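Asker: In the numbering used here, the protein residues as written are 658 to 1150. For every residue, glycine included, the Cβ atom is placed at its ideal position computed from N, Cα and C. Every value quoted in this text rests on a predicted model; they were computed, and no experiment measured them. Following this message is one structure expressed as structure tokens.
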Amino acid sequence: MSVAMEKQGELKSIFLPFLSTSHIIPLVDMARLFALHGVDVTIITTEQNATVFQKSIDLDFSRGRPIRTHVVKFPAAKVGLPVGIEAFNVDTPREMIPRIYTGLAILQQEFEKLFHDLEPDFIVTDMFHPWSVDAAAKLGIPRIMFHGASYLARSAAHSVEQYAPHLEAKSDSDKFVLPGLPDTLEMTRLQLPDWLRSPNQYTELMRTIKESEKRSYGSLFNSFYDLESAYYEHYKSVMGTKSWGIGPVSLWANQDAEDKAARGYAEEEEEEEEEGWLKWLNSKAESSVLYVSFGSMNKFPYSQLVEIARALEDSGHDFIWVVRKNDGGEGDNFLEEFEKRVKESNKGYLIWGWAPQLLILENPAIGGLVTHCGWNTVVESVNAGLPMATWPLFAEHFFNEKLVVDVLKIGVPVGAKEWRNWNEFGSEVVKREEIGNAIALMMSEGDGEMRKRAKALSDAAKSAIKVGGSSHNNMNELIRELNEIKLSKAPNP
Ligand code: UDP
């Protein structure tokens, strides 16, 4: 082995995720991919957040991969939080959110010390750790930023920031075009995230994040070239930065059923329950079942849950619905009765809480999704070759909907009109007829070509991670560059 090769084997990294499930899952998959490529990986997180992925790390470690978790203690007492509340999730009480941010700020010093003590050659940190670009600069190592979104979403946000087209619209529901993008994409003011509509605290944070991205070595996305090539090129050119799409990371990092089942809060699922959904799905015809899920952060008001339940019952299709209780009240009774009814008729299967999404999506019985357009779910659905009924809610979901519906043409919108915060119910209730129409169109394959396009994209996803594929090449290229940087610093023998 040459000296250079030996040094390559020694490339050491730290991965620092944010404190929310849907940012942790893809970043940890990325960390696992680096370990798969022989890079030494330490993931730093807090105890509670580690439970989301520790099973996967243990599996990889048992396979001989150089990967481990370094757990730090969340300063719950210092910020006045009960032990265990240290993530931004569906069950996080709203009033506790600012205190979690304070706890995170307190941890910054400890993170920086670990960056110093563990002597990594580079760090990969979530976009919500903008300070880490300076920490890396102090150590003279590259910081790579992880983006939880799509290239299209980031490009669209940039367009609004730069041209403020929404200010020209006559009303909140008037359509305007997002200028400067590869396609003509239309939105309304109501569909924009609040921080883009008018400046608030989050606008400031997003500015800081962008500035830190420009000073980073580059950025990593859970995307692949054929999925949004025009936006990948556009984004790199407007930002003037390097960026690598290395997705679908869920496909690449979770090659067998054990990996797929270990993902997320898998330990909360009882074995029997898991067998239950699988047995149920396996009894259904190919492409006949709807998968209905709104990600890891969403809760609906009772009135909306009723509309979804009725739409599903009226649709005539079998369905799996991942549903969450609203802390007691009339809604829970309604849902329990609904569950009893659809169980008896064998039309539906409700999963309470956390669903093994990767395993469900790859089951041949699944024929399409009703989705909130969370980016990870969009990529996972593309990977599974499924059309989508799109129901954007918060974050950058409305931008992702544009990619799915207008650019890729593999989705039918339910017609959601209003962006809201992830921890609010908002004022919009999408009616059963609108949900039903989108489901009917999607399941009947819309223009007939939708399912074909989705399947073609699924093939492209699988090619992207193979030797010679775009994501595979990106990964190798990035590791080669990082090795070069390391070698350039090594003292001459
Ligand atoms: N997920 C899952 N089971 C669930 C809910 C979510 O496995 O019951 C996973 C899903 O596969 C995806 C992530 O959690 O990887 C959710 O991320 P996404 O960006 O789709 O939505 P968010 O949670 O940010 O709203």
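For P958, which of D831, N1080, Q766 and I724 has the nearest alpha-carbon?
Answerer: When only C-alpha atoms are compared, the closest one is N1080.
Asker: Any idea which residues DSSP pairs D975 with across the strands?
Answerer: DSSP, once it has assigned bridges, lists V946 as partnering D975.
Asker: Give me the residue from K893, K871, A810 and V747 with the minimum Cα distance to K956.
Answerer: The residue with the shortest Cα to Cα distance from K956 is V747.
Asker: Hey, could you find the ends of the beta strand (DSSP E) I671 is sitting in?
Answerer: Start and end: K669 to L673.
Asker: Is the segment 1017-1036 touching the segment 936-947 in the sense that three or more CB pairs, one from each, lie closer than 8 Å?
Answerer: The segment 936-947 is in contact with the segment 1017-1036.
Asker: So, does the segment 1095-1102 touch the segment 1041-1048, judging by three or more C-beta pairs under 8 Å?
Answerer: Enough Cβ pairs lie closer than 8 Å, so yes.
Asker: Once the 5 residues before and after Q765 are set aside, which same chain residues still bring their CB inside 7 Å of it?
Answerer: Closer than 7 Å at Cβ, skipping near neighbours: W788.
Asker: Could you tell me the boundaries of the alpha helix (DSSP H) in which W909 lies?
Answerer: Looking at the DSSP string, the run of the alpha helix (DSSP H) that includes W909 is V906 to A910.
Asker: Just confirm the distance between the C-beta atoms of H823 and L842, as a whole number of angstroms; I'd bet it's less than 8 Å.
Answerer: Actually they do not touch by this definition, with Cβ atoms about 13 Å apart.
Asker: Report, in whole angstroms, the separation of the C-beta atoms of S855 and K1074, which I expect to be a contact under 8 Å.
Answerer: With 8 Å as the limit, S855 and K1074 do not qualify as a contact, their Cβ atoms being about 18 Å apart.
Asker: Can Y922 and I1017 be called in contact, C-beta distance under 8 Å?
Answerer: In this structure, I1017 does not lie closer than 8 Å to Y922 by Cβ.
Asker: Classify F785 as helix, strand or coil using the three-state DSSP reduction.
Answerer: If DSSP states are grouped into helix, strand and coil, F785 belongs with coil.
Asker: For K1143 and F803, I'd like the C-alpha separation in whole angstroms.
Answerer: Spanning the two alpha carbons is a distance of roughly 21 Å.
Asker: Just how far apart, CA to CA, sit L862 and R800?
Answerer: Using only the alpha carbons, I get a separation of about 18 Å.
Asker: Run the CB neighbour count on I763, radius 10 Å, all protein chains shown included, and call it buried at 16 or more, exposed below.
Answerer: Answer is exposed; the Cβ neighbour count stays below 16.
Asker: Would the beta-carbon of G760 fall within 8 Å of that of H680?
Answerer: No, these two residues do not count as a Cβ contact at 8 Å.
Asker: If you reduce the DSSP assignment to three classes, tell me which class A744 lands in.
Answerer: In this structure, A744 counts as coil in the three-state DSSP scheme.
Asker: What would DSSP say about G760, mapped onto helix, strand or coil?
Answerer: In the structure shown, G760 sits in a helix (DSSP, three-state: H, G or I).
Asker: Measure the beta-carbon distance from T782 to L673 and round it to whole angstroms, keeping in mind my assumption that it falls under 8 Å.
Answerer: That pair is a contact at about 4 Å.
Asker: Do three or more CB pairs link the segment 682-692 to the segment 898-915 at distances below 8 Å?
Answerer: As far as the Cβ criterion goes, the segment 682-692 touches the segment 898-915, which means the pair count is three or higher.
Asker: Among T1034, A707 and E1019, which residue has its Cα nearest to the Cα of D913?
Answerer: Of T1034, A707 and E1019, the residue nearest in Cα terms is E1019.
Asker: So what does DSSP say about A1073, is it helix, strand or coil?
Answerer: Correct three-state label for A1073: coil.
Asker: Please give me, in chain order, every unbroken run of the alpha helix (DSSP H) with length at least 4 that falls completely inside the segment 878-906.
Answerer: Counting only runs of 4 or more, we get 882-896.
Asker: Could you check how far apart the C-beta atoms of E776 and K871 are, in whole angstroms? I think they sit under 8 Å.
Answerer: With 8 Å as the limit, E776 and K871 do not qualify as a contact, their Cβ atoms being about 26 Å apart.
Asker: Is R920 near the ligand GTP, judged by its Cβ being under 7 Å from some heavy atom?
Answerer: Among the ligands present in this structure, namely the ligand UDP, the ligand GTP is not found.
Asker: Kindly indicate which three-state DSSP category H680 falls into: helix, strand or coil?
Answerer: DSSP places H680 in helix when its eight states are reduced to three.
Asker: For the candidate residues A919, V1062 and E1001, whose alpha-carbon lies nearest to that of K712?
Answerer: Looking at the Cα atoms, A919 is the closest of the given residues.
Asker: Hey, out of D686, L690 and G721, whose CA is closest to A710's CA?
Answerer: At residue 710 the sequence reads Phe, which differs from the Ala that was named. Answer by Cα proximity: D686.
Asker: Using 8 Å for Cβ pairs, my map puts F881 next to Y808. What's the rounded Cβ distance?
Answerer: Not quite, the Cβ-Cβ distance comes to about 10 Å (not below 8 Å), so this is no contact.
Asker: Mind checking which residues open and close the beta strand (DSSP E) that includes M1045?
Answerer: Unbroken beta strand (DSSP E) run through M1045: M1045 to T1047.
Asker: Looking at the ligand UDP, does it come within less than 7 Å of H804, judged from the CB to the closest heavy atom?
Answerer: False, no ligand heavy atom lies under 7 Å from that Cβ.
Asker: What ranges does the alpha helix (DSSP H) occupy inside the segment 985-1056, keeping only unbroken runs of at least 4 residues that lie completely in it?
Answerer: 987-1001, 1014-1018 and 1032-1041, all fully within the segment 985-1056.
Asker: May I ask you to verify whether the segment 716-731 touches the segment 684-703, counting CB pairs closer than 8 Å and requiring at least 3?
Answerer: Short answer: they touch.
Asker: Measuring from the CB of I682, is there a heavy atom of the ligand UDP at a distance below 7 Å?
Answerer: At least one heavy atom of the ligand UDP is nearer than 7 Å to the Cβ of I682, so yes.
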